[in-house]
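Per the numbering used here, the sequence shown starts with residue -2, numbered consecutively.
Below: the structure, in structure tokens.
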Amino acid sequence: MSPTKSELFFVVPGRPIPAARMTQRSKFASARAKRALEFQQFVAWCARAAAAAPAGSGPALPLRGPVELTCRFFFRDGRHGDLSNLIKAIEDGLQYGGVIENDRQVVRYGAGTGIYFAEEERTEVRLRPIDLCQRKEVRHEVDSHAVGKRKVRVGEVR
-2 MSPTKSELFF VVPGRPIPAA RMTQRSKFAS ARAKRALEFQ QFVAWCARAA
48 AAAPAGSGPA LPLRGPVELT CRFFFRDGRH GDLSNLIKAI EDGLQYGGVI
98 ENDRQVVRYG AGTGIYFAEE ERTEVRLRPI DLCQRKEVRH EVDSHAVGKR
148 KVRVGEVR
């Protein structure tokens, strides 16, 4: 995963911690919630450090507009959290660190997002701005024998 100028790429060392569901009270009482919040703060720190590393080589922060997020979570063993909660922890950390304005900006997950196994536990994160206005329209058609007497447009990929 090598970044381009408009992309932000960074690695969060250590075991990925999934986001925990919490109330205002459990934020301070639950050990699981504390660990999840500490991981989100660490994600924010790693993202800010990567964005500031070589001056002028990365995108201006915070990223505005829609973005594509690719997260690769590496675990040493089969004990890992739910993928959606792992991604949520990264999204919250990016928002907390001021890398994105709101996690609603994430409109797409990149190819390769998922859980992997390796000796070195880590999370590889790539954030890429996307332009939703410059989409090519692709229409798929089904032959008439598949659904009756006439052709039907199955869907549009934009």
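Every residue, glycine too, gets a C-beta built ideally from N, C-alpha and C.
This one's a predicted model, so the numbers in the text were calculated from it and none came from an experiment.
Remark: C-beta atoms of Phe7 and Ala47 approach each other more closely than 7 Å. DSSP, read as helix, strand or coil, puts Val122 in strand. Rounded to whole angstroms, Ile112 and Ala41 show a C-alpha spacing of 21 Å. Relative to Arg45, the option among Arg105, Gly107, Ala108, Gly95 whose CA is nearest is Gly95. In the DSSP assignment, the residues bridged to Phe72 are Phe114.
A distance below 7 Å separates the beta carbons of Arg73 and Glu118.
Spanning the alpha carbons of Ile97 and Met19 requires a straight line of approximately 22 Å. Pairing Arg32 with Ile14, the inter-Cα distance amounts to about 7 Å. One Cα belongs to Leu129, the other to Pro63, and the distance between them is close to 8 Å.
For Ser27 and Asp79, the gap between their C-alpha atoms comes out near 19 Å.
Take Arg12, set aside five residues on each side of it, and the residues of its chain with a beta-carbon closer than 6 Å to its own are Glu118, in chain order. Closest option to Asp89, judged by alpha-carbon separation, among Ala17, Pro10, Ser3, Leu5: Ala17. Taking all protein chains shown into account, Val104 has fewer than 16 neighbouring C-beta atoms within 10 Å of its C-beta and is therefore exposed.
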